[in-house]
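Numbering-wise, the sequence shown is residues -1 to 311 according to our numbering.
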Amino acid sequence: MFGFFLVLPLVIIIITGNQLRARGFYSANDISALMKTLYWVILPPLLFRTTYIAGTEVLRQPNLLIASTLCYIITIIAAYAGSRAFAHKGDVRRTAVSVFSSFRSNNIYLGFPVIQLAMGEAGLHEASIYVAVTTVSFQLLSIAAGEAVLYGRPSARGILDMLRKLVLNPLIISCVLGVIAAASGFPIHFVFDEAMKLMSGAATAVALLALGGSLDLSRMGKIVKILSRTWFDTLIKLAVNPAIMYAVLLLFPIPKDLFNVTVMLSAMPNAVNCFILARGMGMDSEYAADLVAATTLLGIISIPAWAYILGMV
């Protein structure tokens, strides 16, 4: 029962953000500003601080890198095989969405709030390690897989563009700077530490309001049709992907708290940017939007279920 109450506060804030958007309190520009503020202003100090506190542990997690990369590859193969065989047979654009989104979790706008609610600041430390270790393979493999389905092979331009974005990504930069500062023994004055801590405290509410404002819940009126179309990819994202992550982490062990955080983040619904990127890459963006809606709705069930499996509730 506590697992349900774990997500209920998050759902309330998401719905609040959605209703504020629907009733005109937030405009599309306001939601964009919230997301920009979170991405460029709030999350960087949070990730820097938590990575700094975690110290060089980030560099001592080769098993996490190996296990997560292996999980991503296996998940892509499972999504591709099922899509080609029966789920999206003959539909290349939808198959591309399937492999591209198969492990793209909503880590920032939903995963971090869930982890913070379940484990507190200690959980955010582990989540920062996960982000620092896995972001490059996470981004490159999903983009490359989607392009390979669409065009027969990943495009050099697409890969180079993604590498450029990764180098300029404020979240990655913050994690790298946090590790460097910790490894060099650079002291952080308590005034700056408190400022970063206060800034980080805004992350959960802003993330959930922005997520709610960005979701098109009007699609939920067609939820039966949406679920009938997206059931395979919803199953891959909410059940198969985290189950694979769980299994490979048994083969490549990591600390228990990091294990739980990694599997929980893998169990998050699809990120809203799946729709944005799918549209930009020429995939079936309408299907991607339906998939985001379906996984977000069913996440109300799957998140407590995985929290129970992991013994977090």
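Where is the CB? At the ideal position from N, CA and C, for every residue including glycine. Small disclaimer: the values here were computed from a predicted structure and weren't measured.
Backbone CA spacing between residue i and residue j [nearest angstrom]
i      : j      : result
ILE127 : VAL56  : 6 Å
GLY109 : LYS235 : 14 Å
LEU247 : ASN239 : 12 Å
GLN17  : PRO251 : 43 Å
ALA305 : VAL311 : 6 Å
ASN268 : GLN59  : 25 Å
PRO7   : GLY211 : 16 Å
ALA286 : CYS272 : 6 Å
ILE224 : ARG277 : 18 Å
GLY10  : LEU209 : Checking the sequence shown, residue 10 turns out to be Ile, not Gly. Rounded to the nearest angstrom, the two C-alpha atoms are 12 Å apart.
GLY69  : LYS254 : With the sequence shown as reference, residue 69 is identified as Cys, and Gly is not the correct amino acid for it. So the two alpha carbons sit approximately 18 Å from each other.
LEU249 : LEU296 : 29 Å
ARG19  : VAL204 : 14 Å
ALA303 : GLY118 : 19 Å
ALA79  : SER66  : 20 Å
LEU196 : LEU275 : 32 Å
Enclosing alpha helix (DSSP H) for residue i [first to last residue]
i      : result
MET262 : 254 to 264
VAL311 : Counting along the chain, VAL311 falls outside any alpha helix (DSSP H), and DSSP gives it neither H nor E.
THR54  : From DSSP, THR54 is part of no alpha helix (DSSP H); its letter is neither H nor E.
VAL174 : 168 to 182
PRO60  : 60 to 80
LYS223 : 221 to 233
Given residue i as reference, the closest of the options once Cα atoms are compared
i      : options                           : result
LEU206 : THR132, ALA193, LYS220 and THR294 : THR294
THR202 : LYS220, LEU36, LEU4 and LYS87     : LEU36
THR228 : PHE257, VAL147, ALA291 and GLY176 : ALA291
THR54  : PHE84, SER66 and PHE184           : PHE184
ASP288 : LEU4, ASP214, ALA83 and LEU175    : ASP214
GLY150 : VAL90, GLU119 and ILE298          : VAL90
GLY121 : ARG162, ARG82, THR49 and MET194   : THR49
Chain C contact for residue i (CB, 9 Å cutoff)
i      : result
LEU207 : Considering every chain present, this structure includes no chain C. It has just one protein chain.
Strand pairing of residue i, partner residues [DSSP]
i      : result
SER103 : ASN268
Check your understanding: Is it a yes or a no for the stretch 248 to 268 touching the stretch 74 to 84, going by three-plus beta-carbon pairs under 8 Å?
Key -> no
Review point. Pairing CB atoms from the stretch 142 to 160 with CB atoms from the stretch 75 to 94, are three or more of them under 8 Å?
Key: yes
Practice item. Please confirm if the stretch 21 to 39 is in contact with the stretch 109 to 118, defined as three or more CB-CB distances below 8 Å between the two stretches. Key: no
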